[in-house]
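Chains A and B supply the protein sequences, listed in that same order.
Just so you know, numbering that gives the first Met the number 0 puts 80 at position 81 of the first sequence, and the rest follows in order with no gaps.
Just so you know, numbering that gives the first Met the number 0 puts 63 at position 64 of the second sequence, and the rest follows in order with no gaps.
Beta carbons are placed, not taken as given, at the ideal position from N, Cα and C, and that holds for glycine.
Since the structure is predicted, the reported quantities are computational estimates derived from the model, not experimental observations.
First the structure, in the form of structure tokens, and then the observations on it.
Protein chains: 2
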Amino acid sequence: MSMNSQPTPGKPVRGSKTGQPIMVIFDLLGRSWAMGIIWHLNNGPSTFRRLQEYCENISPTTLNKRLKELTIAGLIERTVDGYTLTEQGLELFKLIHPLGKWAKQWAKSVNQK
Amino acid sequence: MSMNSQPTPGKPVRGSKTGQPIMVIFDLLGRSWAMGIIWHLNNGPSTFRRLQEYCENISPTTLNKRLKELTIAGLIERTVDGYTLTEQGLELFKLIHPLGKWAKQWAKSVNQK
DNA sequence: CTCATTTGCTACATATTTAGTAGCAAAACT
DNA sequence: AGTTTTGCTACTAAATATGTAGCAAATGAG
Chain A
0 MSMNSQPTPG KPVRGSKTGQ PIMVIFDLLG RSWAMGIIWH LNNGPSTFRR
50 LQEYCENISP TTLNKRLKEL TIAGLIERTV DGYTLTEQGL ELFKLIHPLG
100 KWAKQWAKSV NQK
Chain B
0 MSMNSQPTPG KPVRGSKTGQ PIMVIFDLLG RSWAMGIIWH LNNGPSTFRR
50 LQEYCENISP TTLNKRLKEL TIAGLIERTV DGYTLTEQGL ELFKLIHPLG
100 KWAKQWAKSV NQK
């Protein structure tokens, strides 16, 4: 079965053939560096090259693909200052933000084993 | 470069060479069906076969891999009733839960374009 | 201007991940 | 004792990500 490349609500995605919104964003955000990009853009606009550096030298192929996907999804956009979070992207970031704290706790407990 | 298969805090993962916890769980949860499994287990314990059905006939290979990863990560465990969320898994679910509502709104706005 | 740099990105070859199908051994019914 | 269900492995094909090279357009310096 061939899967859509752009995760779109209502269309089958990696993780949901019916395209349930929650699964669609998890497909989108789960792709490599997608979260890293959003996390970073929360600090302000960034150019392609700068994002690349920040993302530990992600390959330009992947970065470009990710940027296009996130743009189509309405989470980021390109301005004169570079790529930026849209309002929707910012809201998403706020929702996901608490995960950072939880993840640190989780990391400790995992490493204890 | 070869990447660890099991996303582990402190070790390089898809999305972070330094293994920052937040990136590690996004790697983990971003893999196909990982979220679907957690989402479903929130309704109670489930057997392998039942999970498979729920997950739109995910291939057993992938399901098994995911289950192992989530188990090592301490998010799920196997009991007499089948696979279940651990307490940590449940907490994670609670954090992620609000995303569901946001995603529905987001889906609407995306489809309007 | 004009030459050198930087930026955003494409091409391409390789490696890793996922999907999809078949089927088997052990446990649970009947 | 025989059938069904369950948890899972093996294997092949398709999709995704990585890593390197490099080019055309925009920017900056002299």
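- prompt: Does the distance from the C-beta atom of Trp101 (chain A) to that of Glu76 (chain B) stay below 8 Å?
  reply: Contact flag unset, no.
query: Excluding sequence positions up to five away, which residues of its chain have a Cβ less than 6 Å from the Cβ of Phe92 (chain B)?
result: The beta carbon of Phe92 (chain B) lies closer than 6 Å to those of Ile37, Asn41 in the same chain, with the five residues before and after it left out.
task: Would you grab the beta carbon distance between Leu28 (chain A) and Gly29 (chain B) for me? Rounded to a whole angstrom, and I think it's under 8 Å.
output: 6 Å
field: Segments of 4+ residues assigned as alpha helix (DSSP H) that fall wholly inside the region 74-100 of chain A
entry: 86-95
- request: Put Ser4 (chain A) into one of helix, strand or coil per three-state DSSP.
  value: coil
- prompt: Do we get a CB-CB distance below 8 Å when we pair Pro59 (chain A) with the residues of chain B?
  reply: no
- prompt: Whose CA, out of B:Thr7, B:Gln19, B:Thr60, B:Val109, lies closest to the CA of Trp32 (chain B)?
  reply: B:Thr60
Sequence-distant residues of its chain with Cβ nearer than 6 Å to Tyr53 (chain A) (five each side left out): His39
- request: Quick one: using the 10 Å Cβ neighbour count with 16 as the cut-off for buried, is Met0 (chain B) buried or exposed?
  value: Below a pLDDT of 50, predicted positions are generally treated as unreliable, and Met0 (chain B), at 42, falls in that range; the measurement from the model is reported next regardless. By the 10 Å Cβ count, Met0 (chain B) comes out exposed.
task: Give the residues from the region 94-110 of chain A that approach chain B closer than 7 Å (Cβ to any Cβ), ordered along the chain.
output: If you check each beta-carbon in the region 94-110 of chain A against every beta-carbon of chain B, the ones closer than 7 Å belong to Leu94, Pro97, Leu98, Gly99, Trp101, Ala102, Lys103, Trp105, Ala106, Ser108, Val109, Asn110.
message: For the alpha helix (DSSP H) containing Arg49 (chain A), name the first residue and the last one.
response: Unbroken alpha helix (DSSP H) run through Arg49 (chain A): 47-53.
Gln19 (chain B) to Lys10 (chain B) span [Cα, whole Å]: 8 Å
task: Find the residues of chain A that neighbour Arg30 (chain B), judging by a C-beta separation of less than 8 Å, and give them in chain order.
output: Gly29
query: From the beta carbon of Leu91 (chain A), is the nearest beta carbon of chain B less than 8 Å away?
result: yes
- prompt: Shorter than 8 Å from the beta carbon of Ile75 (chain B) to some beta carbon of chain A?
  reply: Judged by the 8 Å Cβ criterion, Ile75 (chain B) is not in contact with chain A.
query: Listing by chain order, which chain B residues have their CB less than 8 Å from the CB of Gln87 (chain A)?
result: Trp105, Ser108
- prompt: For Val109 (chain A), is the classification buried or exposed, using 16 other Cβ atoms within 10 angstroms of its Cβ as the cut-off for buried?
  reply: buried
field: Local conformation of Pro59 (chain A) per DSSP, three classes
entry: helix
- request: Would you decide whether Thr46 (chain B) is buried or exposed? Buried here means 16 or more other CB atoms lie within 10 Å of its CB.
  value: exposed
- prompt: Which residue comes first and which comes last in the alpha helix (DSSP H) that contains Ala33 (chain A)?
  reply: 33-40
task: Compare the Cα-Cα distances from His96 (chain B) to each of A:Pro6, A:Phe25, A:Gly35, A:Val12 and report the closest residue.
output: A:Phe25
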